[in-house]
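See structure below.
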Amino acid sequence: MRIVDIREVAVPLQGGVANSVVSFDGHRVSLVALVSDVVRDGRRLVGVAFNSIGRHAQGGILRDRMVPRVLGAAPESLCGADTGLIDPARVLAAAMRDEKPGGHGDRASAAGAIELACWDLLAKFHDEPAYVTVARGHGRSPVTEGVPVYAAGGYYHPGDTVGRLRDELSGYRDAGYAAVKIKVGGVPLAEDMVRLEAAIDVLGSGSAVAVDANGRFGRDEALDYARAIEGYGLRWYEEATDPLDFDLNRQLAEAYAGPIATGENLFSVQDVKNLLLFGGIRADRDVFQMDAGLSYGLTEYARMIALMGEHGVDRRSAFPHGGHLINLHIAVGLGLGGCEAYPGVFQPFGGYSDGCRLRDGRIRPADDPGFGLEAKSGLADEIARLTA
Ligand code: MG
């Protein structure tokens, strides 16, 4: 198997929602296609993926650095010696040639899109859903009954009201989501508490509601919120403070008894190691949200999960950031705690295809080959244009 072309297009996110730090107006995502020399039914087999959501498109890094490196590499150097098939770790290594260690920024998501497209290509080669390929590649059996899923919403909308939030969350509940997440930190604490109490009222329990501050708070505000929410028994308190301030995470963990979630802005094994060593992690409750699409792809992500295990943290503590098909297949393939969903936001990437089955708070992928991105409405058109 050889890669004969790599294409990228920056696809705008639809919506106009915001969290406490970022407005997603103007955000784009890199959709990447790896074109192989394998021909099926008269067409070249193509692996497709994207660099998750929220860290912008990375066309410059892809075009200027990574795509020329992969296309310029000796074809056999990108394949497993025993299989002759594309090896995602080898492709990642080629994409990362001449890159210094450390400083894991935008290049991590550029590389992630290419590496994940390799998995899609492999799954399509075997004519199977990606979760099967991912599980086999890591010596595991997929979680055939699907994984727990929660609806990530509660963003701040222009002219927002608590009534709108209630309607949104009621819609998730009625669609079969047993748990939700809402944003905090975008309005004063007292207003956020009204929003939170409305969410708890709609879902019926604090244990069904998580809150996410997107790293906005300094120490004092993080602790003020911790005191305010402590009595509600929330599902988790997410990214209260700067994601790389492990000492502050430790202080928060000492002050707040409930689960703390973080990790979506850690892009390397080394960053996760520092979180595990210095972040005051409580293995029995805290939640890890690293995201393969933001962190060099599944090769690096699987190493993070293995490292968690070495530190006594069960892989079921992992709920990857990014509520989309790629992370659903990874969660099922690796046996993680679950995944999030973006029903209604971050289209055309967010949420799942019609063939995915949501039932009793769990979601199971459809059986489309690969990640099944071609089966997702809206995204199918973008892929067709990119691969035409
Ligand atoms: Mg988050």
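Residues in the sequence shown are numbered from 58 upward in steps of one, following our numbering.
Note that CB positions come from ideal geometry on N, CA and C, so glycine has one too.
Cβ atoms of residue j and residue i: under 8 Å apart, would you say?
i	j	result
residue 261	residue 237	no
residue 45	residue 324	There is simply no residue 45 to check, as the chain begins at 58 and stops at 445 in what is shown.
residue 266	residue 239	yes
residue 191	residue 390	yes
residue 270	residue 293	no
residue 388	residue 379	no
residue 242	residue 322	no
residue 65	residue 356	no
residue 301	residue 329	no
residue 327	residue 377	no
residue 383	residue 428	yes
residue 118	residue 163	yes
residue 263	residue 246	no
residue 412	residue 425	yes
residue 393	residue 206	no
residue 58	residue 136	yes
residue 524	residue 353	Because the chain here runs from 58 to 445, residue 524 falls outside it and cannot be looked at.
residue 170	residue 151	no
Nearest-angstrom Cα distance between residue i and residue j?
i	j	result
residue 496	residue 138	This structure gives no information on residue 496, because the portion of the chain shown stretches from 58 to 445.
residue 88	residue 281	40 Å
residue 105	residue 416	28 Å
residue 60	residue 132	7 Å
residue 335	residue 309	12 Å
residue 419	residue 397	10 Å
residue 315	residue 337	13 Å
residue 385	residue 409	9 Å
residue 320	residue 375	9 Å
residue 304	residue 298	10 Å
residue 369	residue 296	22 Å
residue 107	residue 350	7 Å
residue 193	residue 344	25 Å
residue 229	residue 116	34 Å
residue 433	residue 234	19 Å
residue 225	residue 348	25 Å
residue 219	residue 98	52 Å
residue 331	residue 342	18 Å
residue 183	residue 373	28 Å
So for residue i, helix, strand or coil by DSSP?
i	result
residue 392	coil
residue 107	strand
residue 182	helix
residue 356	helix
residue 117	helix
residue 138	coil
residue 316	coil
residue 205	strand
residue 281	helix
residue 69	strand
residue 330	helix
residue 346	coil
residue 251	helix
residue 228	helix
residue 397	strand
residue 296	coil
residue 143	strand
residue 213	strand
residue 77	coil
residue 269	strand
residue 131	coil
residue 171	helix
residue 374	helix
residue 368	coil
residue 91	strand
Keeping to the same chain, check which residues put their C-beta closer than 6 Å to that of residue i; ignore five residues upstream and five downstream.
i	result
residue 283	312 and 313
residue 360	326
residue 103	90, 92 and 444
residue 447	The chain is shown from 58 up to 445; residue 447 falls before or after that span and cannot be answered.
Excluding the 5 residues flanking residue i on each side, which residues of the same chain have their C-beta closer than 7 Å to its C-beta?
i	result
residue 114	67, 85, 86 and 87
residue 221	214
residue 153	168
residue 209	238, 380, 397, 398 and 399
I'd like the list of long-range same chain contacts for residue i, defined as Cβ closer than 8 Å, with 5 residues on each side in sequence excluded.
i	result
residue 244	213 and 252
residue 404	70, 71, 72 and 435
residue 442	66
residue 439	66, 68, 88 and 405
Closer than 7 Å: is that where the CB of residue i sits relative to any heavy atom of ligand 2?
i	result
residue 343	With respect to ligand 2, the structure shown offers nothing to examine, as its ligands consist of ligand 1.
I want to see whether chain D comes within less than 8 Å of residue i, judged by CB atoms only; does it?
i	result
residue 154	Of the protein chains in this structure there is only one, and it is not chain D.
### Message
Would you call the segment 286-304 in contact with the segment 88-97, where contact means no fewer than 3 C-beta pairs closer than 8 Å?
### Response
no
### Contact the segment 140-152 vs the segment 175-189: 3+ CB pairs below 8 Å
yes
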